[in-house]
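Residue numbers (our numbering): 9 to 263. Ideal Cβ positions, reconstructed from N, Cα and C, are used throughout, including at glycine. For clarity, every value in this text was computed on a predicted model and none was experimentally measured.
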Amino acid sequence: MSDRFVGLTYEGGVATLTLDRPPLNVLNIEMMEQMNEAILELRGRTDLKVLVIRGKGKAFSAGVDVADHTRDKVTRMIQVFHRIFESIRLLDVIAVAAVDGMAFGGGFELAIGCNLVVASESARFALPEIKLGVFPPLACVVLPRAAPRRKAMEWILMGDEITVQELSAYGLVNRVVPNDRFEDELRSFVAKITSKSRPVLILAKRAQTESYYAAYEEALYKAENLYLRELMALDDAHEGIKAFMEKRAPTWRDA
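And the structure:
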């Protein structure tokens with residue numbers, strides 16, 4: 009029997025999907041398949057208004073497993089990872105990312121792929137992919153739609169850590185709450201949503217989603233093609249991944 013890396017619980021109109029792959033909830037292909045299965049389970053349920061996605065332990069998620077970026081796995085990894093966002097987008101509930109701790113790379117993308125984000129003061133965000141010789145395709149599509157284009161470009165090209173306060177200032181985080189009040193503030197935030205009419209919530213989400221993502225699918229398809237057909241053909245992309253796994257600095261050939 010395979011390991012379970014995802015928990016799914018229900019309470020009072022709220023489904024909670026918990027990432028549980030210690031120590032940092034790194035997303036491998038198997039775990040992401042389990043996430044897709046869990047989200048699929050929510051379809052058609054008329055008793056739910058909110059899906060909370062959170063991490064167990066000291067991290068939300070440190071991102072997608074570097075080992076799944078190799079030539080033999082990367083196509084499947086991209087497909088499985090991006091299916092999560094499509095499922096969230098089409099789900100008739102409001103998806104809330106509850107970020108307490110690290111949200112790096114694919115973990116950052118997962119958070120901003122939700123409809124709303126609640127984060128603790130100690131939450132940490134970054135898109136470090138560029139340092140490994142790759143780029144985050146979903147963030148390249150979503151961030152310029154959610155933040156100023158030049159700021160999004162900076163986050164993607166620098167790969168540096170981004171403070172939760174900066175993300176909040178640019179509207180990518182809805183609430184920044186004290187660490188010792190995180191659970192209470194999260195419950196209060198979610199309760200404000202569940203107090204509303206379910207069909208009205210659904211229609212409000214659809215109205216925003218359909219306008220916001222009008223060209224999203226085409227843009228993501230183009231980003232995926234760049235990643236899989238051009239980026240993965242570069243020696244530097246494979247050098248960056250190899251160097252990370254060998255715990256050394258990459259030697260770029262600029263090729």
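By the Cβ test, the segment 90 to 97 is in contact with the segment 45 to 55, since at least three Cβ pairs between them sit closer than 8 angstroms.
With fewer than 16 other beta carbons inside 10 angstroms of its own, residue 223 counts as exposed. Distance check between residue 73 and each of 159, 64, 252 places 252 closest, using alpha-carbon atoms only. Exclusion of the five residues before and after residue 135 leaves 113, 116, 144, 147, 163, 164, 167 as the residues of its chain whose Cβ lies within less than 7 angstroms of its Cβ. Restricted to the segment 75 to 102, the alpha helix (DSSP H) segments that are unbroken, complete and at least 4 residues in length are 82 to 98, listed in chain order. Collapsing the DSSP output to three states places residue 12 in coil. With contacts defined as CB atoms closer than 8 angstroms, residue 249 and residue 83 fail to qualify as a contacting pair.
Residue 212 sits in a helix when the DSSP states are folded into three classes. Residue 18 counts as exposed, since fewer than 16 other beta carbons sit within 10 angstroms of its beta carbon. Where residue 49 is concerned, the enclosing alpha helix (DSSP H) starts and stops at 37 to 50. Checking the DSSP bridge columns, you'll see residue 170 partnered with 133. Our two residues, residue 188 and residue 196, have alpha carbons roughly 14 angstroms apart in a direct line.
8 angstroms or more divides the Cβ of residue 14 from the Cβ of residue 198. Residue 237 and residue 200 have their alpha carbons spaced roughly 45 angstroms apart.
Judged by DSSP secondary structure, residue 62 falls within the beta strand (DSSP E) whose first and last residues are 58 to 63.
About 4 angstroms separates the CB atoms of residue 109 and residue 67; that is less than 8 angstroms, so the two are in contact. If the five residues before and after residue 212 are omitted, its C-beta is found closer than 8 angstroms to no C-beta atom of its own chain.
Within its own chain, the residues whose Cβ lies closer than 6 angstroms to the Cβ of residue 235, once the five positions on either side in sequence are excluded, are 145, listed in chain order. Under the three-state reduction of DSSP, residue 183 is assigned to strand. Contact annotation: residue 76 and residue 36 have beta-carbon atoms nearer than 8 angstroms. Looking at the DSSP output, residue 128 sits in a beta bridge with 185.
Looking only at 257, 149, 191, the smallest Cα-Cα distance to residue 229 is reached by 149. Short of 6 angstroms from the beta carbon of residue 29, and not among the five residues preceding or following it, lie these beta carbons of its own chain, in chain order: 13, 39.
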